[in-house]
Each structure stands twice: as C-alpha cells, then as structure tokens.
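Asks: Here it is: the structure, laid out below.
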Amino acid sequence: MNLGGFSWRRLVGISAMKSKISRTIGIPLTRSGRQQKIGRMVTGGGCLVVIGVGLSISVALAILAIKMI
0 MNLGGFSWRR
10 LVGISAMKSK
20 ISRTIGIPLT
30 RSGRQQKIGR
40 MVTGGGCLVV
50 IGVGLSISVA
60 LAILAIKMI
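Numbering (numbering that gives the first Met the number 0), first residue to last: 0 to 68.
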C-alpha cells in the first residue's frame, strides 16, 4: 500500500546524506547513476563517437590517396 510518498529514509536524513556524499566524491551511489556516468564518459555525451567516425574516415581516405600516388 502506498503511504502517499512518505519515506522513513527521507525523514531520518539518509537520502540527504547519500546525495551530499555523492556530490562531494563525484561518483553516483546508485547503480543506474554509475552506469549513466560511465556511458557519458565513454561516448563523450554522443559527440565523441561522431567525431571519431569522421576522423577515422578522413584518415582512411588520406591513406588511400597517398597510396594511389
């Protein structure tokens, strides 16, 4: 049964303490938060993948052009 959003953890202050620790150390304490942070680091928020593909295509074309000469 739902208690209308009441939370013992929030009342005692556990939620605030966890969020304060998380912000201080810079690492999320939840599993999904850690996975999202790692995903953003790997993809660079999405831009890094696009730049990497574009750069690799450019390098491949340059190598082909040099070999044809």
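The beta-carbon is built from N, C-alpha and C at its ideal position, and this holds for glycine as well.
(1) Considering only their Cβ atoms, is the gap separating residue 36 from residue 24 smaller than 9 Å?
(2) Write down the C-beta distance between residue 17 and residue 28 rounded to the nearest angstrom, noting that I regard them as a contact closer than 8 Å.
(3) For residue 29, which of helix, strand or coil comes out of DSSP?
(4) If you drop the 5 nearest sequence neighbours on each side, which residues of the same chain put their C-beta closer than 7 Å to that of residue 8?
Replies: Taking the structure as given:
(1) Going by C-beta atoms, residue 24 is not nearer than 9 Å to residue 36.
(2) Rounded, the Cβ-Cβ distance is 5 Å, consistent with contact.
(3) Coil at residue 29, not helix or strand.
(4) In its chain, beyond the 5 residues on either side, 14 have a beta carbon closer than 7 Å to the beta carbon of residue 8.
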